[in-house]
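Colleague:
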Amino acid sequence: MTHKRVHTGERPYACDECGKAFNQSCDLTRHKRIHTGERPYSCNLCGKGFTTLRNLVTHKRVHTGERPYVCDVCGKSFKESGTLAEHKRTHTGELPFSCDVCGNAFKTSSNLTVHKRTHTGERPYACKVCGNAFKDSGTLAKHMRTHTGERPFSCDVCGKAFSESSNLTVHKFSHKGHQPIGCDACSLRFSRKSAMISHWQRFHVTK
1 MTHKRVHTGE RPYACDECGK AFNQSCDLTR HKRIHTGERP YSCNLCGKGF TTLRNLVTHK
61 RVHTGERPYV CDVCGKSFKE SGTLAEHKRT HTGELPFSCD VCGNAFKTSS NLTVHKRTHT
121 GERPYACKVC GNAFKDSGTL AKHMRTHTGE RPFSCDVCGK AFSESSNLTV HKFSHKGHQP
181 IGCDACSLRF SRKSAMISHW QRFHVTK
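According to UniProt numbering, the sequence shown holds residues 1 to 207 in order.
Shown next, in the form of structure tokens:
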């Protein structure tokens, strides 16, 4: 019966929080942990909790360094097969997941799912501190750092820590002397576009 639903598209198990439906009750049970925050599977090495056993198994490779899935094009290795499949699309250019509303295409089904929320307005990831809601779990995690003050991204040169990986990337340019953004009006170069724009407005815009 469960297998037949793959063909019929029947999804009789619906989430009473957000309405998302599933063809198996176990999938609904796992999904509900997004809303409840329940993480029944814990890592015995660092204590981090996970919503599924599969996610725990994948996480443990952070500690062991195991990357059993290797790209046969470039040799890059990954902790899980799904990530390897996604990576291979950078070589093939394949975008197999298309939005039936606007036609935009994506490398992964998860990216398509998040994109569709721009059409539906759905924001299933809510902050338990302030109530703000977000389209995806990554944005919620980033937002939570405004409450916790957590700065998980550290510079391996000076130790300075940041709440976002993009800020760490920009910071690292200060050690390398890397200044990829050039001013079109003079010879000065900058590590960030915002710094170049500020310079342009100050010295080259006629007032």
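Every residue, glycine too, gets a C-beta built ideally from N, C-alpha and C.
Computed from a prediction, not measured in an experiment: that's the story for all the values here.
For Cys71, which option in Gly103, Thr113 and Lys79 has the closest C-alpha, if you only look at C-alpha atoms?
Modeller: Of the listed residues, the one whose Cα sits closest to Cys71 is Lys79.
Colleague: Are Leu45 and His31 touching if we call contact CB-CB under 7 Å?
Modeller: In this structure, His31 does not lie closer than 7 Å to Leu45 by Cβ.
Colleague: Give the DSSP bridge partners of Ala105, in chain order.
Modeller: Answer is Ser98.
Colleague: Taking only runs of the alpha helix (DSSP H) that begin and end inside the segment 29-102, which ones reach a length of at least 4 residues, in chain order?
Modeller: Counting only runs of 4 or more, we get 53-64 and 81-92.
Colleague: Looking at the structure shown, is Ala14 part of a helix, part of a strand, or coil, going by DSSP?
Modeller: The answer is strand: DSSP assigns Ala14 an E or B state.
Colleague: Under a Cβ-count criterion, where at least 16 other Cβ atoms within 10 Å of its own Cβ denotes burial, should Leu53 be classed as buried or exposed?
Modeller: Answer is exposed; the Cβ neighbour count stays below 16.
Colleague: Of the choices Phe162, Gly138, Glu150 and Arg145, whose alpha-carbon is the least far from that of Cys130?
Modeller: Here the closest residue by C-alpha is Arg145.
Colleague: For Met196, I'd like the list of residues in its chain whose CB is within less than 7 Å of its CB, leaving aside the five on either flank, ordered along the chain.
Modeller: Contacts found: Ile181, Cys183 and Phe190.
Colleague: In whole angstroms, what separates the C-alpha of Pro12 from that of Asn104?
Modeller: Rounded to the nearest angstrom, the two C-alpha atoms are 29 Å apart.
Colleague: Would you identify the three-state DSSP class for Ser195, choosing helix, strand or coil?
Modeller: Just to set this straight, residue 195 is Ala in the shown sequence, not Ser. Of the three classes helix, strand and coil, the one that applies to Ala195 here is helix, per DSSP.
Colleague: Secondary structure at residue 277, three-state DSSP: helix, strand or coil?
Modeller: No information on residue 277 is available, as it lies outside the stretch 1 to 207 that the chain covers here.
Colleague: Out of Phe162, Ala14 and Arg33, which has the shortest C-alpha to C-alpha gap to Gln24?
Modeller: Closest by alpha carbon: Ala14.
Colleague: Which residues does DSSP pair with Phe173 in a beta bridge?
Modeller: The partner list for Phe173 (beta bridge, DSSP) is empty, contrary to what the question assumes.
Colleague: What does Ala21 pair with, by DSSP beta-bridge criteria?
Modeller: In the DSSP output, where bridge partners are listed per residue, Ala21 has Ala14.
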